[in-house]
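A.B. asks: In order, the protein sequence lines correspond to chains A and B.
Read left to right, the first sequence gives residues 1 to 591 (our numbering).
Read left to right, the second sequence gives residues 592 to 1182 (our numbering).
Number of protein chains: 2
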Amino acid sequence: MNRHPDYLLNEVDEPEDIKGMTLDELKRLANEMRQLVLERDAAIGGHVGPNLGVMELTLAYHYVFNSPHDKIIWDVSHQCYAHKMLTGRKLAFLDPDHYKDISGFTSPAESNHDFFEIGHTSTSISLAVGMAQARDLLNPDSKDNVVAVIGDGSLSGGLAFEGLNNAAKLKSNLIIVVNDNQMSIDENQGGLYQGLKELRETDGASPNNIFKFMGLDYRYVKDGNDLRAMIDAFKEIKDIDHPIVLHVNTLKGKGYEPAIKEKMTYHWRMPFDLKTGKDKHPFTGESYSDAILAELDRQIAAGEPVVAMNAAIPGAFNLKRFQAKHSDRYYDVGIAEQDCISSAVAMAVAGARPVVFQNATLLQRAYDQLVHDMALNDAPVVMIVRGGTIATESATHQGSFDISMISDLPNIEYLAPTNVEELLSMLKWAIKQTDQPVVIREPEKPLIHGEATQEDYSNIKYNIAHHGSEVAIMAVGDFWELGKKVCEELKRKINIDATLINPKSLTGIDPQVLHHLSENHDVVVTLEDGNLSGGFGETIDRYYGPTPMKVLNFGAPREFADNVPLEVLYEWYHLTPKQIVDDIEKVVHSL
Amino acid sequence: MNRHPDYLLNEVDEPEDIKGMTLDELKRLANEMRQLVLERDAAIGGHVGPNLGVMELTLAYHYVFNSPHDKIIWDVSHQCYAHKMLTGRKLAFLDPDHYKDISGFTSPAESNHDFFEIGHTSTSISLAVGMAQARDLLNPDSKDNVVAVIGDGSLSGGLAFEGLNNAAKLKSNLIIVVNDNQMSIDENQGGLYQGLKELRETDGASPNNIFKFMGLDYRYVKDGNDLRAMIDAFKEIKDIDHPIVLHVNTLKGKGYEPAIKEKMTYHWRMPFDLKTGKDKHPFTGESYSDAILAELDRQIAAGEPVVAMNAAIPGAFNLKRFQAKHSDRYYDVGIAEQDCISSAVAMAVAGARPVVFQNATLLQRAYDQLVHDMALNDAPVVMIVRGGTIATESATHQGSFDISMISDLPNIEYLAPTNVEELLSMLKWAIKQTDQPVVIREPEKPLIHGEATQEDYSNIKYNIAHHGSEVAIMAVGDFWELGKKVCEELKRKINIDATLINPKSLTGIDPQVLHHLSENHDVVVTLEDGNLSGGFGETIDRYYGPTPMKVLNFGAPREFADNVPLEVLYEWYHLTPKQIVDDIEKVVHSL
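(1) Please decide whether B:Met974 counts as near chain A, where near means a Cβ-Cβ distance under 8 Å.
(2) Which residues does DSSP list as the beta-bridge partners of A:Asp180?
(3) How far does the alpha helix (DSSP H) with B:Lys1052 in it extend, from its first residue to its last?
(4) Between the C-alpha atoms of B:Ala966 and B:Pro1001, what's the straight-line distance to the nearest angstrom?
(5) Cα separation between A:Asp13 and A:Leu86?
(6) Taking the alpha-carbon positions, what's the B:Gly1183 to B:Ala850 distance?
(7) What residue does the beta strand (DSSP E) around A:Pro354 start on, and which one ends it?
(8) Using the Cα positions of A:Tyr63 and A:Lys238, report the straight-line distance between them to the nearest angstrom.
(9) How about A:Leu137 and B:Arg920: do their beta carbons lie closer than 8 Å?
(10) So who's on the other strand from A:Trp572, going by DSSP bridges?
(11) Given a cut-off of 8 Å, decide if B:Val639 and B:Ala673 are closer than it, judged by their beta-carbon atoms.
(12) Scan the segment 314–342 of chain A and note each continuous beta strand (DSSP E) run of 3 residues or more that stays entirely inside, going in chain order.
(13) Against B:Met722, what residues of chain A qualify as contacts under a CB-to-CB distance less than 9 Å, listed in chain order?
(14) To the nearest whole angstrom, what separates the beta carbons of B:Thr765 and B:Ala796, a pair I think is in contact under 8 Å?
(15) Check whether the Cβ of B:Val1142 lies closer than 8 Å to any Cβ atom in chain A.
(16) Residues of the segment 784–816 of chain B in Cβ contact with chain A at a cutoff of 7 Å, in chain order, please.
(17) Note the first and the last residue of the continuous beta strand (DSSP E) segment covering B:Arg810.
(18) Just tell me which of A:Ala346, A:Pro243 and A:Gly119 has its CA closest to the CA of A:Leu370.
(19) Which complete alpha helix (DSSP H) runs does the segment 482–520 of chain A hold, if anything under 4 residues is left out?
(20) Are the beta-carbon atoms of B:Pro1037 and B:Ile1003 separated by less than 8 Å?
(21) Can you pull out the residues from the segment 825–858 of chain B whose beta carbon lies closer than 7 Å to at least one beta carbon of chain A?
(22) Helix, strand or coil for B:Gly1189? Go by DSSP, reduced to three states.
(23) Can you grab the Cα-Cα spacing for the pair A:Tyr336 / A:Ala301, in whole Å?
(24) Does DSSP classify B:Pro687 as helix, strand or coil?
(25) In whole angstroms, give me the CA-to-CA distance for A:Tyr570 and A:Leu532.
(26) Nearest-angstrom Cα distance between A:Leu362 and B:Ala935?
(27) Mind checking which residues open and close the beta strand (DSSP E) that includes B:Phe1145?
(28) Okay, do the segment 790–805 of chain B and the segment 188–196 of chain A touch, 3+ Cβ pairs below 8 Å being the bar?
(29) Determine the closest residue to B:Ile1051 out of B:Ile1100, B:His988 and B:Cys931, with distance taken between C-alpha atoms.
(30) Which stretch, first to last residue, makes up the alpha helix (DSSP H) that contains B:Met722?
(31) Please list, in chain order, the residues of the segment 430–441 of chain A that have any C-beta partner in chain B closer than 9 Å.
(32) Can you give me the start and stop residues for the alpha helix (DSSP H) that B:Tyr1005 sits inside?
(33) Can you pull the chain B residues whose beta carbon is under 8 Å from the beta carbon of A:Glu538, in chain order?
(34) Hey, how far is the Cα of B:Ile1085 from the Cα of B:Tyr847?
(35) Tell me the DSSP secondary structure of A:Val54 in three-state form.
(36) When the Cα of B:Pro1137 is compared with those of B:Thr1117, B:Val1116, B:Asn1144 and B:Ser1109, which residue comes out closest?
Given below as structure tokens:
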């Protein structure tokens, strides 16, 4: 039910509907929309600070421009909530029953005011340049504006710079709004921010101006949360006939004190109590991340030249705790995933022991650095990767391509521990050895204890946890518990005493165990929490290809899934113990 | 035999040996080394212009600094020939019998004066920052300098910008030499070069300075080919206690008129005649690239909104010819591979028909744009990819990871034509359809004619070129001719009349044909000109995993190969018809 039937926003179905409003009405709208962002984020989680900061910018845009003829491209698009409210999707903020009708990012499937699915940073300028080029080719007389909105944090990503460089070549309309809130996901990192500060402090007048250096026109708005100022600024540059940067100073978290004080906490939040600001479902158990950090403490105490590196996401790994203890060994390069890997490679080659923390979906941005820098130079970088799993998340952040991305490359060992003791054993070995890059896939499921059955992983020895016959289950990493359940179900349903194997690695195979299995098994089953294409299972398929062994692979198909509940995904992908056993049964019966 | 026993260079075994030389002797050395670059490049091919331009810079570096205690990192490292001559590898330039003793890039395996295998651009600053950070952690009292040398062309790559941004945070020695020769591989592209031009024109005095904007110290050298000036500049900044940019103006091709006049032609050359400047083995036959461009001409004439896009490598696809005819439809974004894909995605979404030309090894630099921009948005970009093959090349440029990189992603169709007619049929369909991204793998082997057996590739229909029994050979793309030879050899040696199949696609499978094969075949063999891990063969392995069909995959293992002759690689990888048939025979006999 609509919780705010009295809101002015109820009268807005299209951006057109705000064009006749007075400044006071627009300001009222801004306040309403701030309240709605807070209510929805508190209830289901979401981006807080980025949205609170751009209410005026968004209102001014839709007041001045004519969407969707004029086209706006939101960088990362996590700040698009106000845009969604003004473009036909207000109910998803007014009515809790409809909160989940929409995604947290722009989505062409939802509205013709959205042009791309976007969730990674730094792409907006290149996308806008492409839109402008297509406009000029297909409809040379068009007066449509193309507008990119990019945060100062996203500017440090190399792609944004590539986009600026090529934007300067355009000879037609393009507006790049630099939304400068003096924050990345975390604190901004790097020299760029010194220059931006000087521009803010001189009201945009400093002669040293990176945008002008690149041949771009430039204007500055001192208070981007001043609705009048934003409307005036947009009116002035609407229909401009060349590329221009509009540098806008805004306040991240504007209108909600806790979000202003704790900008990093409120960048993105799980459900929280609006009054106390506390997490609704605080995590209190043991975590793999904490176990990893404790091990790094021990390694450093023992004299290992360990350093921890990340690219703007310390929160995902609790790295602020590491930084507090070891500030001289902590590197956050900001949103600069490529730089993170390349500099880690150099540190490893020069004798330090870098441990890189990265999310699978963001590691995609450094694929060439994995290939050309890390693998080619066989640099002993240690990396912890999270989120390379089948998960309920936005398709923009689907991380399940990681096995193909990492394990198909030469020289890299990609390990998948099944419990915390195994993970720490792998980490210790990874830090000790200097022969090759080692990537460890941090499990996403709740922490379990178990044992490590190997100390030196330079030759992977599959662990046969249970010796059975007929069917062998190879359950990798996070799917270890699933493997156990499949074994139980096989026993119960068709009385097969299956062998259960922990392969430990997504790259290496253990030919001895694989060969040995042929003696008293007819079927090998692989279970992997990731995409099947290019994955672990196919490595086993290839090994057994020329032999009589039957192999069945379970994992995710080659597709994107957008915010699908995990249990639904598992059903879709035939990943419940019952479904898996049904499939195995068919093969066993065909023998 | 040493062709120049009279050269002063013969006296140089280590950089130490030039430290006592007079300026005149050093100048003589520069001239000798220029001559040696030309002789070697003319004989076996290599990078010409980049090396001719940095003789003085390299001599000055080794005269002033103490390699390998001081560490120099060459961006791309294609300009490292003089460095190699001065660091123990002069014979590989003096003596034609030893020309091939060394690679064309820095190589730690060759010398302790080299620190990384490098062949892609824009990595040097990040690598240098990592080296400096490791120095400061491991040996806080060290006075060793870390020096990166990066060309102005490489600066447009986003990673270079990420590197500059993080370099500014360093509180210790780091020297970034910007070797500004006013060229990329081709012409520089983008606004950055307007700013650099202003810096050159003001002798570095312009207040608008991107390096200073980012908080970096800065000096300018007007003539980087003036040995005295370079020595003085290096002496001044040696042992500096903070990061500094040394902006050096050099002449690409210096000392050889043809290379100065035709900078792009002489960036990298196949063997050529030193007197006439002409190719020794000019290519005169039909080429796939020309056939593609002719088709684009027809599409444009027919009114299709086709545009051609590339990132600094028009030469690899003859795109200057396209540009000459269709300048308004031609986009070279410079060295900015990520931007190229993102802006192509936007052009496709906005209704244009972008055809992107890219090399497999450089496409690695835009992997996230393939995933997050192109695949996720299902944008109907058309892409032509070259070099995704097993090849005799530097390991830095190994392109054979392309099948895993592209075909394991959702929504993308990766097609592998076997002849020029099939390629054009695929291209026509790719441009006509608007449902999905389509990538076409341009064959690398000499052009062959044949036929297209399909017009609409939205559902891949494997072509059964010959109906046999027992064994089915699936030969993809460039390995089609190999497939034919394997069939002949199978007939000859073990009298098997094998079925021969052209699968056309590296992504999609044709379940009907695969199912049908089970009726009268026991063995399926896949032949792919690329890496097996995550490749086409494994897709077939997975399909047949639960069935009695035996599958054998042929392709490259998960490894790098550096400048290995193709016939040797084929032997290593069991890819000769005889080896393949021997392997098949073993499986057939085991049945």
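All residues carry an ideal CB built from backbone N, CA and C; glycine is no exception.
C.D. replies: On the basis of the data shown:
(1) no
(2) A:Asn249
(3) In the DSSP assignment, B:Lys1052 falls outside any alpha helix (DSSP H) and carries neither an H nor an E.
(4) Cα to Cα, the separation comes out at about 6 Å.
(5) The straight-line gap from Cα to Cα measures roughly 7 Å.
(6) Residue 1183 of chain B lies beyond the range of chain B shown here (592 to 1182); nothing can be said about it.
(7) Arg353 to Asn359
(8) 12 Å
(9) yes
(10) Answer is none; A:Trp572 lacks a bridge partner.
(11) Not a contact, by the Cβ cut-off of 8 Å.
(12) Scanning the segment 314–342 of chain A for uninterrupted beta strand (DSSP E) segments of 3 residues or longer gives 330–332, listed from N- to C-terminal end.
(13) Ser343, Ala346, Met347, Val349 and Ala350
(14) First, the residue type needs correcting, since residue 765 of chain B is Leu and not Thr in the sequence shown. The Cβ separation is near 23 Å, so there is no contact.
(15) yes
(16) Gln785, Gly786, Pro798, Asn799, Asn800, Ile801, Lys803, Phe804, Met805, Gly806 and Leu807
(17) Asp808 to Val812
(18) A:Ala346
(19) 511–520
(20) No, these two residues do not count as a Cβ contact at 8 Å.
(21) none
(22) Lying outside 592 to 1182, the shown extent of chain B, residue 1189 of chain B is not represented and no answer is given.
(23) According to the sequence as given, residue 336 of chain A is Ala; it is not Tyr. A:Ala336 and A:Ala301: Cα-Cα distance of roughly 30 Å.
(24) helix
(25) 14 Å
(26) Separation of A:Leu362 and B:Ala935 (C-alpha to C-alpha, rounded to the nearest whole angstrom) is 21 Å.
(27) Element bounds for B:Phe1145: Lys1141 to Ala1147.
(28) yes
(29) B:Ile1100
(30) Ser715 to Leu729
(31) Per Cβ criterion, the list is empty.
(32) From DSSP, B:Tyr1005 is part of no alpha helix (DSSP H) but of the beta strand (DSSP E) over Glu1004 to Leu1006.
(33) Gly1125, Glu1129, Thr1130, Asp1132 and Arg1133
(34) Each residue's alpha carbon lies about 59 Å from the other.
(35) coil
(36) Of the listed residues, the one whose Cα sits closest to B:Pro1137 is B:Ser1109.
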